[in-house]
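Sequences listed follow chains L and G, in order. For what it's worth, the numbering used here labels the leading residue of the first sequence as 128, then goes sequentially. For what it's worth, the numbering used here labels the leading residue of the second sequence as 47, then goes sequentially.
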Amino acid sequence: MVDTATKTAGNAQRAGLFGTVASVLGLFFSGFSVHDYTAHLDRQLHGAHCSFIPGLTGVEAGANACTAAMYSPWSALFRGSYWGGIPIALFAFGSYAFFLAFSLYLLLAKGESSRPARLGFAAATAFPLVATVAMFTISLTQLGAFCKLCVGMYVSSVLLGIGGFFAFSAWREAGTTTAGKRAPGGTLIESRPQQFGGPDDNVATARDGAPATGTGGNPFPIVLASLVVLGIAAVLPAGVYAASLPDYRPYLGGCGKLVEKEEKHKALLVMPTTAGKRAATFFEDPLCPTCKGFHERLVSDGIYDRLTVQSSMFPLDSDCNWMIDRSLHPGACVLAKAIICGDKSSKARQVLEWAYDEQEDLTNLGKTNKDALRAKIKGRFPDIDSCIDSKETKQRLDQMLQFAVTNKIAVSTPQFFLGDSRVCDEDTDLGLKYTLTQIAPEVVP
Amino acid sequence: MSSKTPLFVGGGALGALVAFTSIFVASEVGAAKNRLAHPELAATAAPVAAIADHAEAPYCTPQFKQVLQRVLNACGLVGSESRRGCQPADVKTFASIDDNDFNALFTPLKDRGGIVLFDEAKDALDEPAKKLVRDLWEDRRGARYFFIVARASKTGTVENNRALSHKRANSVQFFLQEETKDPDLDKQVGMLWLGKEFAQLSKDTCEGWKTSRPGKNCTEEAVNRSAFASWVDCRL
């Protein structure tokens with residue numbers, strides 16, 4: 128019985144140790160994640176600490192797995208109500224604080240920790256584990272990439288889960304030694320009150336020194352209390368965040384207007400959507416990663432199909448665009464022409480979305496082998512190949528670019544106009560749903 | 047260590063950590079709020095993108111732009127809507143340069159423009175001329191202005207040739223109006239007619255320029271029975 132008691136105490140302490148390490152790691156990674164997300168509340172451009180050792184490496188600017196995760200619809204809640212929503216990382220941040228405190232208790236109490244508290248700890252660790260499985264699945268199936276800060280949190284939660292397992296073992300093993308606490312003769316000799324922070328009840332012994340067995344008291348009030356405190360700790364930072372957010376309404380709009388809403392030659396592409404409720408004009412480049420991200424965000428949020436979309440190709444490729452002296456996206460002109468050609472058979476959206484889906488490969492081909500790029504387009508859409516080089520297509524692309532000149536838009540993609548009002552770039556990622564809820568609620572599902 | 051010590055440490059840590067997370071979040075949001083109100087405090091200012099504009103080709107020298115600006119001002123493209131085009135006297139006045147220098151300004155447009163040739167004393171466009179004008183017009187790219195510079199041959203009176211070159215410029219302009227039905231055509235097309243008085247072309251012009259009658263005998267007389275047409279890729 129002494130061996131069992133030692134093992135139980137050891138498991139309880141291991142629970143504390145794993146929990147402490149996991150919670151410190153979790154606080155560290157979730158803290159950086161919260162910091163990166165919160166930095167964007169100033170509507171400026173920021174990089175992300177996309178690293179397994181954030182703080183020791185520099186901030187990573189531009190698109191990466193962490194920004195992809197950040198801009199995805201799964202990174203925050205209540206995006207329609209708050210600019211940027213309430214980041215999920217906040218709940219993790221608060222939770223790890225709770226687990227660190229609880230783990231310290233288990234660690235310092237050694238074998239003396241309360242038995243119901245161990246069960247409470249074990250039960251609580253199930254929540255980060257479930258959240259981790261869910262977010263891991265989303266990363267794998269929806270984002271196709273793993274943000275390093277997120278992976279840090281996943282690992283922390285798994286370590287917490289291991290701690291929870293040890294805590295559960297300690298709770299169960301203690302049960303086998305304390306149930307009833309009857310002496311061999313059958314006389315009930317001792318039954319200690321079960322209390323959070325009380326001494327370990329598996330040290331009970333029969334008055335005659337014989338081992339005791341029994342079931343102990345009801346652990347569920349303590350388990351329930353643990354979960355309630357976990358909930359409070361998890362929600363509190365989110366509440367503080369929501370309460371501290373600035374009022375963004377004065378910042379929406381004011382980013383320009385279209386002088387001419389319609390292109391006089393009818394050159395713009397009409398993208399088929401299922402339930403257009405509001406006219407929208409896009410200036411986009413098929414090889415622009417931000418355009419791809421923005422398009423996919425609009426589609427996945429169900430917003431795109433609620434717009435009546437006209438699209439003006441704006442390839443940042445000097446082969447056709449006189450406004451730039453150096454091609455940012457070589458090959459974009461050919462793809463823009465392919466999309467224009469697709470319009471003739473009502474396939475413009477199909478070609479555009481194919482270009483976005485294949486963007487990485489097409490970008491590489493555009494830089495290294497334009498013949499191969501052309502062959503890839505032909506392989507996928509053989510019927511539009513001859514149209515790409517036609518004078519008419521070139522002229523239509525020129526007209527789209529002239530449309531940009533007429534409207535004096537910035538040489539930048541994507542640009543999104545609702546009616547004739549430009550949606551500010553700052554409101555096209557984290558703040559998109561909030562902004563649209565404010566200025567065009569009919570397009571938000 | 048008292049049996050209650052771990053409980054106190056755990057409870058104290060919980061309070062401290064929850065307070066820490068809340069203060070951390072409030073501080074981060076507060077800093078962002080401050081940067082939002084004072085964008086100049088942001089560590090990295092957003093790069094300012096250029097504004098979409100018309101093309102600016104290397105031939106747009108200051109001298110070329112000066113002539114262009116004067117044409118636009120004097121010939122009805124900018125400001126006054128009461129007149130269309132410039133006649134030789136206007137050109138002489140506003141260009142303030144001699145014939146050769148005037149023609150030299152247009153030399154870099156060799157690959158961009160073309161020369162529509164006319165029959166003697168005629169101003170009608172033949173089919174190849176229409177095709178050339180159409181092709182030139184459709185190849186706009188990023189240009190803002192389309193120029194028509196018409197001339198007449200050296201035979202005949204000054205007045206007749208002035209009138210004839212005016213008609214030739216109009217023929218191109220009217221053809222474009224008919225073809226494009228563009229209501230803004232007047233804001234894009236600048237017309238000059240030079241008669242036989244100013245900036246006559248030399249026979250060298252027959253070499254290297256796109257004409258509506260390629261392969262036909264090109265003399266100095268023939269090349270001055272013409273209307274030069276081109277988009278001009280300059281910003282003003």
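Positions of the beta carbon are idealized from the N, C-alpha and C atoms, including for glycine. Owing to the predicted nature of the structure, the values given are computational and were not obtained by experimental measurement.
From this set, G:GLY160, G:ARG281, G:ASP232 and G:GLN246, which residue's C-alpha is nearest GLU266 (chain G)'s C-alpha? One-based indexing of the second sequence puts residue 266 (chain G) at position 220. If we check each option's Cα against that of GLU266 (chain G), G:GLN246 comes out closest.
List the endpoints of the continuous alpha helix (DSSP H) containing VAL538 (chain L). On the first sequence, position 411 is the one that residue 538 (chain L) refers to. Neither: VAL538 (chain L) is in no alpha helix (DSSP H) and is coded neither H nor E.
Contact check, GLY429 (chain L) vs PRO572 (chain L) under 8 Å by CB: the rounded distance? Locating residue 429 (chain L) in the first sequence gives position 302, where the first residue counts as 1. Locating residue 572 (chain L) in the first sequence gives position 445, where the first residue counts as 1. With 8 Å as the limit, GLY429 (chain L) and PRO572 (chain L) qualify as a contact, their Cβ atoms being about 4 Å apart.
For PHE274 (chain G) and GLN234 (chain G), which I take to be in contact (beta-carbon distance under 8 Å), what is that distance rounded to the nearest angstrom? Start at 1 with the first residue of the second sequence, and residue 274 (chain G) comes out as number 228. Start at 1 with the first residue of the second sequence, and residue 234 (chain G) comes out as number 188. With a Cβ gap of about 16 Å, PHE274 (chain G) and GLN234 (chain G) do not count as contacting.
Could you tell me whether any Cβ in chain G is nearer than 8 Å to the Cβ of LEU144 (chain L)? Within the first sequence, numbered from 1, the residue matching residue 144 (chain L) stands at position 17. So, not an interface residue.
8 Å is my cut-off, CB to CB: does LYS535 (chain L) come that close to chain G? For this step, residue 535 (chain L) is matched to residue 408 along the first sequence. LYS535 (chain L) counts as touching chain G.
Within 10 angstroms of the Cβ of GLU390 (chain L), are there 16 or more other Cβ atoms? Answer buried if so, exposed if not. For the purposes of this step, residue 390 (chain L) is identified with residue 263 of the first sequence, where counting begins at 1. By the neighbour-count rule (16 or more Cβ atoms within 10 Å), GLU390 (chain L) is buried.
Does the beta carbon of ALA224 (chain L) sit closer than 8 Å to a beta carbon anywhere in chain G? Counted from its first residue, the first sequence places residue 224 (chain L) at position 97. Cβ-Cβ to chain G under 8 Å: yes for ALA224 (chain L).
Report the neighbours of SER68 (chain G) on chain L: residues whose CB is nearer than 7 Å to its CB, in chain order. Working through the second sequence from its first residue, we reach residue 68 (chain G) at position 22. Within chain L, the residues near SER68 (chain G) are LEU363, PRO364 and VAL367.
What residues from chain L crowd round ALA96 (chain G), counting only those whose CB sits closer than 9 Å? Locating residue 96 (chain G) in the second sequence gives position 50, where the first residue counts as 1. In chain order: MET450, ILE451, ALA537, VAL538 and SER539.
Going by alpha carbons, who is nearest to TYR281 (chain L) out of L:LEU385, L:HIS167 and L:PHE156? Position 154 of the first sequence holds residue 281 (chain L). Comparing Cα positions, the closest option is L:PHE156.
Using the Cβ count rule (16 or more neighbours within 10 Å means buried), how would you classify PRO457 (chain L)? Locating residue 457 (chain L) in the first sequence gives position 330, counting from the first residue. Counting Cβ neighbours within 10 Å, PRO457 (chain L) comes out buried, since at least 16 surround it.
CA-CA distance, ALA101 (chain G) and LEU114 (chain G)? For this step, residue 101 (chain G) is matched to residue 55 along the second sequence. For this step, residue 114 (chain G) is matched to residue 68 along the second sequence. Rounded to whole angstroms, ALA101 (chain G) to LEU114 (chain G) spans 15 Å at the Cα level.
Which value, in whole angstroms, describes the spacing of the CA atoms of THR555 (chain L) and PHE421 (chain L)? Stepping through the first sequence from its first residue, residue 555 (chain L) is reached at position 428. Stepping through the first sequence from its first residue, residue 421 (chain L) is reached at position 294. Their backbone Cα atoms lie some 7 Å apart in a straight line.
Is it right to say ASN216 (chain G) is buried, meaning 16 or more other beta carbons lie within 10 angstroms of its own, or is it exposed? Numbered from its first residue, the second sequence carries residue 216 (chain G) at position 170. So ASN216 (chain G) counts as buried.
Whole-angstrom Cβ separation of SER211 (chain G) and GLY254 (chain G), contact assumed at under 8 Å? Along the second sequence, one-based indexing puts residue 211 (chain G) at 165. Along the second sequence, one-based indexing puts residue 254 (chain G) at 208. Not quite, the Cβ-Cβ distance comes to about 23 Å (not below 8 Å), so this is no contact.
Nearest-angstrom Cα distance between PRO134 (chain G) and LEU238 (chain G)? One-based indexing of the second sequence puts residue 134 (chain G) at position 88. One-based indexing of the second sequence puts residue 238 (chain G) at position 192. Going by the C-alpha atoms only, they are around 8 Å apart.
Can you tell me whether LYS464 (chain L) is buried or exposed, with buried defined as 16 or more other CB within 10 angstroms of its CB? Stepping through the first sequence from its first residue, residue 464 (chain L) is reached at position 337. LYS464 (chain L) should be labelled buried.
How about the stretch 430-445 of chain L and the stretch 524-531 of chain L: do they share at least three Cβ pairs that are nearer than 8 Å? yes
Applying a beta-carbon distance threshold of less than 7 Å, which residues of chain L neighbour ASP99 (chain G)? Within the second sequence, numbered from 1, the residue matching residue 99 (chain G) stands at position 53. By Cβ distance, chain L contributes MET450 and VAL532.
Looking at the strands, I want to know which residues DSSP matches up with SER445 (chain L). Counting from 1 along the first sequence, the entry for residue 445 (chain L) is found at position 318. Paired residues: none, contrary to the question.
For TRP210 (chain L), which option in L:PHE229, L:ALA370 and L:ALA244 has the closest C-alpha, if you only look at C-alpha atoms? One-based indexing of the first sequence puts residue 210 (chain L) at position 83. Relative to the Cα of TRP210 (chain L), the nearest Cα in the group L:PHE229, L:ALA370 and L:ALA244 belongs to L:ALA370.
DSSP state of ILE511 (chain L), grouped into three classes? Numbered from its first residue, the first sequence carries residue 511 (chain L) at position 384. Here ILE511 (chain L) sits in helix by DSSP.
Residue-chain proximity (ILE566 (chain L), chain G), Cβ-Cβ < 8 Å: Reading the first sequence from its first residue, position 439 is the one you call residue 566 (chain L). False, the Cβ-Cβ gap to chain G never drops below 8 Å.
With a cut-off of 8 Å on the beta carbons, I'd call VAL55 (chain G) and LEU235 (chain L) a contact; round off their distance for me. On the second sequence, residue 55 (chain G) is found 9 positions in, with the first residue counted as 1. On the first sequence, residue 235 (chain L) is found 108 positions in, with the first residue counted as 1. Correct: roughly 6 Å between the Cβ atoms.
Can you tell me whether PRO364 (chain L) is buried or exposed, with buried defined as 16 or more other CB within 10 angstroms of its CB? Counted from its first residue, the first sequence places residue 364 (chain L) at position 237. Result: buried.
For LEU455 (chain L), decide whether its Cβ has a neighbour in chain G, counting only Cβ atoms nearer than 8 Å. Looking up residue 455 (chain L) in the first sequence gives position 328. No, LEU455 (chain L) lies away from the interface with chain G (no Cβ there is under 8 Å from its Cβ).
For the beta strand (DSSP E) containing ALA407 (chain L), list its first residue and its last residue. Translated into the one-based positions of the first sequence, residue 407 (chain L) becomes position 280. Segment 405-411, the beta strand (DSSP E) holding ALA407 (chain L).
Identify the continuous beta strand (DSSP E) that holds ALA238 (chain G) and give its terminal residues. Counting from 1 along the second sequence, the entry for residue 238 (chain G) is found at position 192. Reading the sequence as shown, one finds Leu at residue 238 (chain G) and not Ala. Here the beta strand (DSSP E) through LEU238 (chain G) covers 235-239.
If we define contact as Cβ-Cβ less than 8 Å, is MET527 (chain L) a contact residue for chain G? Here the question's residue 527 (chain L) lines up with position 400 in the first sequence. Taking Cβ atoms only, chain G never reaches closer than 8 Å to MET527 (chain L), which makes this a no.
Skipping 5 residues on each side, what residues in its chain have a beta carbon closer than 7 Å to that of THR533 (chain L)? Stepping through the first sequence from its first residue, residue 533 (chain L) is reached at position 406. So the qualifying residues of the chain are VAL386 and GLU387.
Output the distance between the C-alpha atoms of PHE148 (chain G) and THR540 (chain L), rounded to the nearest integer angstrom. Residue numbering aside, residue 148 (chain G) sits at position 102 when the second sequence is read from its first letter. Residue numbering aside, residue 540 (chain L) sits at position 413 when the first sequence is read from its first letter. Each residue's alpha carbon lies about 41 Å from the other.
Cβ-Cβ distance between LEU233 (chain L) and GLY380 (chain L) below 8 Å: On the first sequence, residue 233 (chain L) is found 106 positions in, with the first residue counted as 1. On the first sequence, residue 380 (chain L) is found 253 positions in, with the first residue counted as 1. The answer is no: Cβ separation not under 8 Å.
Report all residues from its chain with a CB closer than 6 Å to the CB of SER284 (chain L); omit the five preceding and five following residues, and keep chain order. Residue 284 (chain L) sits at position 157 when you count from the first residue of the first sequence. Only PRO255, LEU256 and THR259 meet the Cβ criterion.
Stretch-stretch touch, CB-based, cutoff 8 Å, three pairs: the stretch 481-500 of chain L with the stretch 348-364 of chain L: Short answer: they don't touch.
What residues from chain B crowd round PHE220 (chain L), counting only those whose CB sits closer than 9 Å? Among the protein chains of the structure shown, namely L and G, there is no chain B.
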